[in-house]
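Asks:
Residue numbers (my numbering), protein chains in the order written: chain Y, 360 to 847; chain W, 671 to 897.
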């Protein structure tokens, strides 16, 4: 899918993004990242970093050099060459894939939706299904094999090798010691990429992830550096503060990658979502506040002209529903419009990242097809209109006739996504840096939660009505039944 | 200000989650005014008995619980109030050497080895302190042997284990097995974290699965009342 220049949505100005960049650099040079991995710390120190205790501080020049060196173009080849594609930092081509590490598969039964534990057979079935879904451009590991940790990587690679026709993203590596076997099984490593959560929020490098990251970068395999802070729990509740922290965590990854291998094939994967501070601090993946923040992270990535691994379509709903579909449509539209290029977790996901559903894969394939058509044919529409029109059409596709109330709710969600509530200026950024520094020094995420009270009252977390309506899934059931190789 | 007025103000300050003069409090307008810690100092200087202070905290937290239940308060508000009580209790205990004023029991809490997530654990720990439990928080990424060692030394009534990763659920199972093997007959085990469930708790032999902080508090209160 191509997003035209006119369709590109810039919710922040270049000056505002420059301020965020400078704030993140300030965070990296003042507060730094906690690194307890002696080898990685030594590597960074030898390349110009400084240390204070177990915190590694990166001077701005290191960040600048990493951004200049990092690969702009990453090729994703596929076992079936027809599915190969390129992600080019400065271009607006968008690819959608699966994702997850879901624990459960939600199945439709005569008694309604039932959740069961996911395992190796589901991995196989989902790959077989996604090979056939037109809107799936690449396949990221949706569920893990139900095997001991020592066997997971090899078993997963074997399933992908046997069944996957599209570019393969194994997501995580459970055991570094199995990497060589995984590469041998996959055969052509150009088919392969990974995702690594290198830094845990706020600003702590995971040593085990560090080892895996370095090994993958050394082998010149594409890897998305991922950070998924939750505003109000592991990052500031303020979107400005959360973006500052997220960007610092990801830039740290870019620095390390380019120290290990200049020109490293790394993608920027920022998922700054919010925590549900109304109730239990659970993550809000697909509510307007999170959709906005994740889209802003994509815009920030593209500000650097780096390859952007987006995330969109991780519904907060437990089972397929009208609410879930509307969340996904808005999320896809804004992530693509703001710069997402290699968009993970876009299909099949439910209940945050806990579940997937065969039905949901097909629903999403149909819905994403409509969204893509809107981008292609309705080029004169503002993104807000495109998003509303796509959501209404998708709901109609599943037998729902949206009424005025539904349309008003969707419009309210869109307004929340597009309209920021916070200032982007030096004073406010300095305030947010102070909150992050306090949380880091106190080693307690309750700092962020306590500091969230004012923002909660100012409406940072969207509070709207649920879209309730029954879905007509006859066409979905039919497509599933006619899919080849399922259930065998 | 007389003692009754001071106690009333202290209770109000806890309800408003106003920790100290630097804290903005419930509605963002309280910065620069005396918070729980300043009022506590005044109360101690005025010679108010610790038990009266503790009782005012109990009343305040009960009000906060009701405000949360009626959705007038959110999680951040409730946590701020609990933190006021937690910090105030530490001062009461250390300054007056009243011993263990947290008389509801000892709670050991940790995120298991391999897992660096602390938010759920921190919320529960803060709420437990606010509710009057003596809490020892071992932090994140805690090896099984360190947890076992602390059980022997701290002698908790309750142990809470948290894991946010599917991969570290296995470590949680390992810790629970070690605890069971070492035979602490009266120790109650609580587990929580996104990937865990009642079925998982049953499978590994944990006594209670906690869906969220309120679920943890309710289950703990039930267990405490029974024992």
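Glycine is no exception: its CB is placed at the ideal position from the N, C-alpha and C atoms.
Kindly indicate which three-state DSSP category residue 805 of chain Y falls into: helix, strand or coil?
Replies: Mapped onto the first chain, residue 805 of chain Y falls at position 446. Residue 805 of chain Y falls in the helix class under three-state DSSP.
Asks: Just to confirm, does residue 404 of chain Y get its C-beta within under 7 Å of one of the non-hydrogen atoms of the ligand GDP?
Replies: Of ligands this structure carries none, so the ligand GDP is not represented either.
Asks: Suppose contacts are defined by Cβ-Cβ distances below 8 Å. Is residue 809 of chain W in contact with residue 780 of chain W by that definition?
Replies: If you number the second chain from 1, residue 809 of chain W lands on position 139. If you number the second chain from 1, residue 780 of chain W lands on position 110. Cβ distance < 8 Å, so residue 809 of chain W and residue 780 of chain W count as in contact.
Asks: In chain order, which continuous runs of the beta strand (DSSP E) of length 3 or greater are located wholly inside the segment 452-528 of chain Y?
Replies: For the segment 452-528 of chain Y, whole beta strand (DSSP E) runs of length 3 or above, ordered along the chain, are 463-468 and 471-476.
Asks: Can you tell me which of W:685, W:694 and W:806 puts its alpha carbon nearest to the alpha carbon of residue 825 of chain W?
Replies: If you number the second chain from 1, residue 825 of chain W lands on position 155. Among W:685, W:694 and W:806, the Cα nearest to that of residue 825 of chain W belongs to W:806.
Asks: Quick one: give me the first and last residue of the beta strand (DSSP E) that residue 832 of chain W is part of.
Replies: Along the second chain, read from residue 1 onward, the residue named residue 832 of chain W stands at position 162. Note, residue 832 of chain W: beta strand (DSSP E), 828-832.
Asks: Closest to residue 746 of chain W by CA distance: which of Y:806, Y:685 and Y:656 is it?
Replies: Position 76 of the second chain, counted from the start, is the residue given in the question as residue 746 of chain W. Residue Y:806 is the option with its Cα nearest to residue 746 of chain W.
Asks: What does the Cβ neighbour count give for residue 405 of chain Y, buried or exposed, with the cut at 16 atoms within 10 Å?
Replies: Here the question's residue 405 of chain Y lines up with position 46 in the first chain. Exposed, because fewer than 16 other Cβ atoms sit within 10 Å of the Cβ of residue 405 of chain Y.
Asks: Report back the beta-carbon spacing between residue 527 of chain Y and residue 501 of chain Y to the nearest angstrom; my notes put them in contact at under 8 Å.
Replies: Taking the first residue of the first chain as 1, we reach residue 527 of chain Y at position 168. Taking the first residue of the first chain as 1, we reach residue 501 of chain Y at position 142. Actually they do not touch by this definition, with Cβ atoms about 12 Å apart.
Asks: With the cut-off set at 8 Å, would you say residue 566 of chain Y and residue 586 of chain Y are in Cβ contact?
Replies: Numbered from 1 along the first chain, position 207 holds the residue referred to as residue 566 of chain Y. Numbered from 1 along the first chain, position 227 holds the residue referred to as residue 586 of chain Y. In this structure, residue 586 of chain Y does not lie closer than 8 Å to residue 566 of chain Y by Cβ.
Asks: Alpha carbons only, please: which of Y:491, Y:474, Y:775 and Y:504 is nearest the one belonging to residue 518 of chain Y?
Replies: Taking the first chain and counting its residues from 1, one reaches residue 518 of chain Y at position 159. For residue 518 of chain Y, the nearest C-alpha among the options comes from Y:504.
Asks: Within the continuous beta strand (DSSP E) that includes residue 584 of chain Y, where are the two ends?
Replies: By one-based count along the first chain, residue 584 of chain Y stands at place 225. That run of the beta strand (DSSP E) goes 582-586.
Asks: Buried or exposed: which applies to residue 671 of chain W, given that a residue is buried once 16 or more other Cβ atoms fall within 10 Å of its Cβ?
Replies: Reading the second chain from its first residue, position 1 is the one you call residue 671 of chain W. That one is exposed.
Asks: Going by alpha carbons, who is nearest to residue 776 of chain Y out of Y:728, Y:752 and Y:654?
Replies: Locating residue 776 of chain Y in the first chain gives position 417, counting from the first residue. If we check each option's Cα against that of residue 776 of chain Y, Y:654 comes out closest.
Asks: Residue 750 of chain Y and residue 769 of chain Y look like a contact to me (Cβ under 8 Å); what is the Cβ gap, rounded to whole Å?
Replies: Numbered from 1 along the first chain, position 391 holds the residue referred to as residue 750 of chain Y. Numbered from 1 along the first chain, position 410 holds the residue referred to as residue 769 of chain Y. About 5 Å separates the two Cβ atoms, so the contact holds.
Asks: Looking at the C-beta of residue 818 of chain Y, does it have a partner C-beta in chain W at a distance below 8 Å?
Replies: Your numbering for residue 818 of chain Y matches position 459 in the first chain. Answer no: the Cβ-Cβ gap between residue 818 of chain Y and chain W never drops below 8 Å.
Asks: Hey, out of Y:774, Y:448 and Y:475, whose CA is closest to residue 822 of chain Y's CA?
Replies: Looking up residue 822 of chain Y in the first chain gives position 463. Looking at the Cα atoms, Y:774 is the closest of the given residues.
Asks: Looking only at C-alpha atoms, which of Y:423, Y:403, Y:420 and Y:421 sits nearest to residue 414 of chain Y?
Replies: In the first chain, the residue the question calls residue 414 of chain Y occupies position 55. Checked all of Y:423, Y:403, Y:420 and Y:421; the closest Cα to residue 414 of chain Y is Y:403.
Asks: Just tell me which of W:710, W:763 and W:830 has its CA closest to the CA of residue 675 of chain W.
Replies: Along the second chain, one-based indexing puts residue 675 of chain W at 5. Comparing Cα positions, the closest option is W:710.
Asks: Taking all protein chains shown into account, do 16 or more other C-beta atoms lie within 10 angstroms of the C-beta of residue 847 of chain Y, making it buried, or fewer, making it exposed?
Replies: Within the first chain, residue 847 of chain Y is the residue found at index 488, counting from 1. Residue placement at residue 847 of chain Y is poorly supported in this model, since its pLDDT is 41, which falls under 50; the coordinates are not used for a value here.
Asks: Along the chain, which unbroken stretches of the alpha helix (DSSP H) at least 4 residues long are found entirely within the segment 751-777 of chain Y?
Replies: Counting only runs of 4 or more, we get 763-777.
Asks: Quick check on residue 342 of chain Y: buried or exposed, where buried means 16 or more other Cβ atoms within 10 Å of its Cβ?
Replies: Residue 342 of chain Y is absent from the structure shown; chain Y starts at 360 and stops at 847.
Asks: With a Cβ-Cβ cutoff of 8 Å, do residue 524 of chain Y and residue 439 of chain Y count as a contact?
Replies: As a position in the first chain, residue 524 of chain Y is number 165, starting the count at 1. As a position in the first chain, residue 439 of chain Y is number 80, starting the count at 1. Yes. Within cutoff.
Asks: Would you list, in chain order, the members of the segment 473-506 of chain Y that have their beta-carbon closer than 8 Å to a beta-carbon of chain W?
Replies: Within the segment 473-506 of chain Y, the qualifying residues are 503.
Asks: So, do the segment 868-879 of chain W and the segment 835-847 of chain W have three or more beta carbon pairs nearer to each other than 8 Å?
Replies: In short, these stretches touch, since the Cβ pair count reaches three.
Asks: Look up residue 859 of chain W in the DSSP assignment and say whether it is helix, strand or coil.
Replies: For the purposes of this step, residue 859 of chain W is taken as residue 189 along the second chain, with counting starting at 1. Note: residue 859 of chain W maps to strand in three-state DSSP.
Asks: Please compile the residues from chain W whose C-beta is within a distance smaller than 8 Å of the C-beta of residue 639 of chain Y.
Replies: Here residue 639 of chain Y is taken as the residue at index 280 of the first chain, counted from 1. Ordered by position in chain W, the residues that pass the 8 Å Cβ test against residue 639 of chain Y are 745, 881, 882, 883 and 884.
Asks: Taking all protein chains shown into account, do 16 or more other C-beta atoms lie within 10 angstroms of the C-beta of residue 786 of chain Y, making it buried, or fewer, making it exposed?
Replies: Walking along the first chain from the start, residue 786 of chain Y turns up at place 427. Exposed, by the Cβ-count rule.
Asks: Is there contact between the segment 445-464 of chain Y and the segment 681-700 of chain Y, where contact requires at least three CB pairs shorter than 8 Å?
Replies: With the cut-off at 8 Å, the segment 445-464 of chain Y and the segment 681-700 of chain Y touch.
Asks: According to DSSP, simplified to helix, strand and coil, what is residue 365 of chain Y?
Replies: As a working note, residue 365 of chain Y is residue 6 in the first chain. Reduced to three states, the DSSP call for residue 365 of chain Y is coil.
Asks: Please report how far the alpha carbon of residue 801 of chain Y lies from the alpha carbon of residue 559 of chain Y, in whole angstroms.
Replies: The residue given as residue 801 of chain Y occupies position 442 in the first chain. The residue given as residue 559 of chain Y occupies position 200 in the first chain. Between residue 801 of chain Y and residue 559 of chain Y, the C-alpha separation is close to 16 Å.
Asks: Evaluate contact between the segment 729-749 of chain Y and the segment 505-517 of chain Y, counting only Cβ atoms and requiring at least three cross-stretch pairs below 8 Å.
Replies: They do not touch, by the three-pair rule.
Asks: Suppose only complete runs of 4+ residues qualify. What are the alpha helix (DSSP H) ranges in the segment 803-852 of chain W, listed by chain order?
Replies: Runs of the alpha helix (DSSP H) inside the segment 803-852 of chain W: 814-824 and 836-852.
Asks: Name the residue from W:803, W:732, W:750 and W:743 whose alpha carbon lies nearest to the alpha carbon of residue 759 of chain W.
Replies: For the purposes of this step, residue 759 of chain W is taken as the residue at position 89 of the second chain. Answer by Cα proximity: W:803.
Asks: Determine, using beta carbons only, whether residue 671 of chain Y and residue 690 of chain Y come nearer to each other than 8 Å.
Replies: Residue mapping note: residue 671 of chain Y aligns to position 312 of the first chain, counting from 1. Residue mapping note: residue 690 of chain Y aligns to position 331 of the first chain, counting from 1. A contact, by the Cβ cut-off of 8 Å.
Asks: Pull the bridge partners of residue 693 of chain Y from the DSSP assignment, please.
Replies: As a first step, residue 693 of chain Y must be located in the first chain, where it is residue number 334. Paired residues: none, contrary to the question.
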